[in-house]
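**Q** I'd like to ask some things about the structure below.
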Amino acid sequence: SESLNNLNNAQKDAVLHTEGPLLIVAGAGSGKTKVLTSRIANIIQEKKAFPNQILAVTFTNKAAKEMQLRVSKTLGSSAIGLPWLGTFHSICAKLLRKHAPAANLNSNFTIIDTDDQIRLIKNICKAENVDIKQLAPKYILAIIDRWKNRGLYPAEVIVNQKDIYEKTILPIYKLYQQKLIELNSCDFGDLILHCVKILEKNIDIQEIYSKNFKYILVDEYQDTNFIQSKWLNLLTNENKNICCVGDDDQSIYSWRGAEIKNFLEFDQVYKNTKIIRLEQNYRSTQNILSVASNLISNNQNRVGKNLKATMENGELIKLNCFKNGKDEAIGVSDEIEKNKKSFSFNNTAILVRAIFQTREFEERFLKIGLPYRIIGGTKFYERAEIKDCVAYLRLINQEKDDLAFERIV
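In structure tokens, the structure reads:
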């Protein structure tokens, strides 16, 4: 079938093994998106399930869009919509709108962003005489988010006695949750938490979905946290066809609650798991892979894999050390000038860790007249004037939205 064209053997196995739990350990650049999309296309082509019986979870909206496009392309019809393809948050939001009353919400609830969360916490702290100079609202929210990621409503939290702040934060969490319900609002953590609680408490609702989802596919599984894996678990009760793709070596979100043990213990949670490794790398030269493999082999918790490049060895890797940002900018601009005959400026990229680091480069490039573009920066919806407009729309949508009202005033 169309969906099996241009796949290597391991990729083919991963596409064709549809029944039962499957863990695909996919190294960097080994074609995991290709495997996931071919898998979805194959399930639909072979009439194993209708598009609305497939749940496909990605970590970003961008990945979801790309997947939708690729599946449509493979099946050769733009008409195939996958209603349950999206991020954890977007799919949970969809479920929650359908079953909002089960979480004491109306279906037109507002999803609030960090700014609103901080404003809400500040109001509560003011009313409760908590000094926000001592206890930053961002820190309070981080702890609340940690509780939510562990699946705990305020009534279920057991305070860690060794922690001096948790005792103060728990009452704030209680008030914060009450206030969200009064405002008919959710924060991002609530989207998944409410969903899990609804599925746990209402067996009838849980059955509807776990019967409906014949196949579940999860991308970037190494980044899932406790509550996300619990949600998946509740939805696989009927059909045990869950396929998770990930790379233990790319798990970098432990600070956001991601638990690598979801990945490492997958075969203990799901009985009779098949594990398939994708070890052929289509993205990098062998030299890049060898350096990366040597570095990562120092990690303790990993399944382990042997990446092989499909390309030649390529150039050796150079490591430059500079005293400061200014020297680095000079060194990099010299290198770009030297290579401009063989590479156009459009084919040259500089990656920085944080946006403030672009300044040194910009100053240098302006000085020597080198054209450049900066990708990233303030996101459209985070600009003040855009948020002001959205506040009016939020109030029209839902008159309980006091936070939007406050912003307008």
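The sequence shown begins at 178 in our numbering and counts up by one.
All C-beta atoms, glycine included, are put in the ideal place defined by N, C-alpha and C.
Who are Ile563's beta bridge partners in DSSP?
**A** On the sequence shown, residue 563 is found 386 positions in, with the first residue counted as 1. Paired residue(s): none; Ile563 is not in a bridge.
**Q** Kindly indicate which three-state DSSP category Gly206 falls into: helix, strand or coil?
**A** As a position in the sequence shown, residue 206 is number 29, starting the count at 1. Residue state, collapsed to three classes: coil.
**Q** Under a three-way DSSP split, which group does Thr287 fall into?
**A** For the purposes of this step, residue 287 is taken as the residue at position 110 of the sequence shown. Note: Thr287 maps to strand in three-state DSSP.
**Q** Quick check on Arg454: does DSSP put it in helix, strand or coil?
**A** Numbered from its first residue, the sequence shown carries residue 454 at position 277. Strand.
**Q** Grouping DSSP H, G and I as helix and E and B as strand, with all else coil, what is Gly423?
**A** Numbered from 1 along the sequence shown, position 246 holds the residue referred to as residue 423. Gly423: strand per DSSP, three-state reduction.
**Q** Return the first residue and the last residue of the alpha helix (DSSP H) that Ala191 is part of.
**A** Along the sequence shown, read from residue 1 onward, the residue named residue 191 stands at position 14. Where Ala191 is concerned, the enclosing alpha helix (DSSP H) stretches over Asn186 to Leu193.
**Q** Which one or two residues does DSSP pair with Ile201 in a beta bridge?
**A** By 1-based counting over the sequence shown, the position of residue 201 is 24. Ile201 is bridged to Val422 and Ile453.
**Q** Please confirm if the region 498–513 is in contact with the region 463–474, defined as three or more CB-CB distances below 8 angstroms between the two stretches.
**A** Contact fails: fewer than three Cβ-Cβ distances are below 8 angstroms.
**Q** I need the boundaries of the beta strand (DSSP E) containing Gly502, first residue and last residue.
**A** Your numbering for residue 502 matches position 325 in the sequence shown. It is not in any beta strand (DSSP E) - Gly502 instead sits in the alpha helix (DSSP H) that spans Gly502 to Lys515.
**Q** Can you tell me the Cβ-Cβ gap for Ser362 and Phe443, rounded? I've got them flagged as a contact below 8 angstroms.
**A** Here residue 362 is taken as the residue at index 185 of the sequence shown, counted from 1. Here residue 443 is taken as the residue at index 266 of the sequence shown, counted from 1. Incorrect: roughly 34 angstroms between the Cβ atoms, too far for contact.
**Q** Rounded to whole angstroms, what's the CA-CA distance from Met488 to Glu456? Just pull it up for me.
**A** Here residue 488 corresponds to residue number 311 of the sequence shown, with the count starting at 1. Here residue 456 corresponds to residue number 279 of the sequence shown, with the count starting at 1. Looking at the two C-alpha atoms, the distance is approximately 13 angstroms.
**Q** Bridge partners of Asn483, per DSSP?
**A** Your numbering for residue 483 matches position 306 in the sequence shown. According to DSSP, which records beta bridges pairwise, Asn483 is partnered with nothing at all.
**Q** Please list, in chain order, all residues of the same chain as Asp578 whose beta carbon is under 8 angstroms from its beta carbon, the five residues on each side excluded.
**A** For this step, residue 578 is matched to residue 401 along the sequence shown. Same-chain partners within the cutoff: Thr287, Leu360, Asn361, Ser362, Arg571 and Leu572.
**Q** Ile231 lies in the beta strand (DSSP E); which residues open and close that run?
**A** Taking the sequence shown and counting its residues from 1, the one referred to as residue 231 is at position 54. Per DSSP, Ile231 belongs to the beta strand (DSSP E) from Ile231 to Thr235.
**Q** Does the structure place the region 237–246 close enough to the region 200–219 that three or more beta carbon pairs sit under 8 angstroms?
**A** Yes, the region 200–219 is in contact with the region 237–246.
**Q** Using 8 angstroms as the Cβ pair cut-off and three pairs as the minimum, do the region 336–345 and the region 222–241 touch?
**A** As far as the Cβ criterion goes, the region 336–345 does not touch the region 222–241, which means the pair count is below three.
**Q** Using a 10 Å radius around the Cβ and a threshold of 16 neighbouring Cβ atoms, would you call Gln445 buried or exposed?
**A** By 1-based counting over the sequence shown, the position of residue 445 is 268. So Gln445 ends up on the exposed side.
**Q** Can you look up Ala435 in the DSSP assignment and give me helix, strand or coil?
**A** The sequence position of residue 435 within the sequence shown is 258, counting from 1. Note: Ala435 maps to strand in three-state DSSP.
**Q** Excluding five sequence neighbours on each side, which residues of the same chain lie with their C-beta closer than 7 angstroms to the C-beta of Leu409?
**A** Translated into positions along the sequence shown, residue 409 becomes position 232. The residues are Ile393, Val395 and Ile419.
**Q** At the level of alpha carbons, what is the spacing between Thr555 and Ile563?
**A** For this step, residue 555 is matched to residue 378 along the sequence shown. For this step, residue 563 is matched to residue 386 along the sequence shown. Computed Cα separation, rounded: 12 angstroms.
**Q** Cβ of Gly366 within 7 angstroms of Cβ of Asn402?
**A** Position 189 of the sequence shown, counted from the first residue, corresponds to residue 366. Position 225 of the sequence shown, counted from the first residue, corresponds to residue 402. No, Cβ-Cβ distance for Gly366 and Asn402 is not below 7 angstroms.
**Q** When burial is assigned at 16 or more other CB atoms within 10 Å of the CB, is Ala240 buried or exposed?
**A** If you number the sequence shown from 1, residue 240 lands on position 63. Its Cβ being crowded by 16 or more others within 10 Å, Ala240 is buried.
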